[in-house]
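For what it's worth, the numbering used here labels the leading residue of the sequence shown as -19, then goes sequentially.
Cβ atoms here follow ideal geometry from the backbone N, Cα and C, with glycine treated the same way.
Reading through the structure tokens given below for one structure.
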Amino acid sequence: MIDVHCHLNFHSFEKDYDAVIKSAFEAGVTKIINVGTKIDSSEKAVELAKEYENLFAIVGIHPHHVDKIEKGWEDQLERLAKNSKKVVGIGEIGLDYFSYKSNSIVDPKLQKEVFIKQIELAHKLKLPLQIHNRHAGKDILDILMNHKSYLLNPPGMFHCMSGNLDFLKKVLDLGFYIGFDGNITYGGLAPGEDTNLKDLVKYTPIDRIVVETDSPFLTPIPRRGSRNKPQYVIITAKFVAKIKGTTFQDLEAKTTANAIKLFTL
Ligand SMILES: [Zn+2]
Ligand SMILES: [Zn+2]
-19 MIDVHCHLNF HSFEKDYDAV IKSAFEAGVT KIINVGTKID SSEKAVELAK
31 EYENLFAIVG IHPHHVDKIE KGWEDQLERL AKNSKKVVGI GEIGLDYFSY
81 KSNSIVDPKL QKEVFIKQIE LAHKLKLPLQ IHNRHAGKDI LDILMNHKSY
131 LLNPPGMFHC MSGNLDFLKK VLDLGFYIGF DGNITYGGLA PGEDTNLKDL
181 VKYTPIDRIV VETDSPFLTP IPRRGSRNKP QYVIITAKFV AKIKGTTFQD
231 LEAKTTANAI KLFTL
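Shown next, in the form of structure tokens:
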């Protein structure tokens, strides 16, 4: 079982990341990918990956932070990605048009510019993309279609999938893998969404599914309310297996193989 997207590089794990990582491995998680959202958290993800054999890093600038990046960030990111073999992708990158309490919408034009520059960087370094999308599926698809020649095979994954079935179909047609998180265990629809996440799971072929936690966020039921951690990826995987009408062992084997193939782990 592999958690393909979490943030043990964030503050919330500063004091006990070693215990969190060890308990995840004891619980049956075999590999963990930590993801950066700006330069310093990307650096931290790379540092963590150096400390543990089965930790990997994805580096990039999240759409929330594109208005705070400093001059020269492209070179910094490129150096970071090139200097460690444990960097397995560029992310989390993408577009986010949702207005959060903690973060209003960052200038979409700037979001697009930084997203495109990172697609170009990933192409140059031959690394897959890990895409963050919230309420921006149409613009993300437009950008990907316009940069088709920049996409690898496979091109990457959409992390924490949301959107409707038509969007999912287009993303699958482009060859992307689909990441599901603990929020698939929640009932009802997230604000502004019209398609239940369980239906997205149903429609996605098993050979394209990867599982993730987005720790410390999106804790699955029945642990919701506490800090999320990589070992809870198993709860989400069990939930996905049930929706797909297969066994946990089958889903574990297939999603693990998918993650290894996508990120060459
Ligand atoms: Zn995200
Ligand atoms: Zn994330």
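Proximal residues to residue i (C-beta, below 8 Å), its chain only, five neighbours per side dropped
i, result
"residue 9", "-19, -18, -17, 210, 211, 213, 214"
"residue 54", "97, 101"
"residue 207", "-8, 195, 196, 199"
"residue 85", "76, 77, 78, 79"
"residue 49", "18, 19, 41, 94"
"residue 226", "186"
C-alpha gap between residue i and residue j, whole angstroms
i, j, result
"residue 45", "residue 21", "11 Å"
"residue 107", "residue 132", "8 Å"
"residue 119", "residue 159", "19 Å"
"residue 197", "residue 125", "30 Å"
"residue 319", "residue 7", "This structure gives no information on residue 319, because the portion of the chain shown stretches from -19 to 245."
"residue 26", "residue 150", "32 Å"
"residue 51", "residue 17", "17 Å"
"residue 79", "residue 121", "20 Å"
"residue 2", "residue 105", "31 Å"
"residue 192", "residue 235", "10 Å"
"residue 222", "residue -15", "22 Å"
"residue 129", "residue 155", "13 Å"
"residue 114", "residue 168", "17 Å"
"residue 179", "residue -3", "34 Å"
"residue 138", "residue 152", "10 Å"
"residue 290", "residue -5", "Past the edges of the chain, shown from -19 to 245, lies residue 290, and the structure says nothing about it."
"residue 243", "residue 233", "16 Å"
"residue 205", "residue 43", "26 Å"
Classification of residue i by the beta-carbon crowding that lies within 10 angstroms, buried from 16 upward
i, result
"residue 91", "buried"
"residue 229", "exposed"
"residue 170", "exposed"
"residue 117", "buried"
"residue 83", "exposed"
"residue 4", "buried"
"residue 216", "buried"
Check whether residue i and residue j have beta carbons under 8 Å apart
i, j, result
"residue 123", "residue 95", "yes"
"residue 163", "residue 148", "no"
"residue 76", "residue 112", "yes"
"residue 157", "residue 181", "no"
"residue 47", "residue 87", "yes"
"residue 140", "residue 187", "no"
"residue 14", "residue 37", "yes"
"residue 28", "residue -12", "yes"
"residue 60", "residue 23", "yes"
"residue 184", "residue 144", "no"
"residue 237", "residue 245", "no"
7 Å Cβ shell around residue i - same chain, five flanking residues per side excluded
i, result
"residue 173", "142"
"residue 109", "69, 70, 71, 73, 99, 102, 135, 136"
"residue 218", "228"
"residue 39", "16, 22, 25, 26, 57, 60, 61, 67, 70"
Supposed contact pair residue j and residue i - C-beta distance, whole angstroms, cut 8 Å
i, j, result
"residue 34", "residue 65", "Contact doesn't hold; Cβ gap of about 14 Å is too wide."
"residue 231", "residue 224", "7 Å"
"residue 0", "residue -7", "6 Å"
Other residues of its chain near residue i: CB distance less than 6 Å, five sequence neighbours each side excluded
i, result
"residue 201", "165"
"residue 127", "99"
"residue 81", "none"
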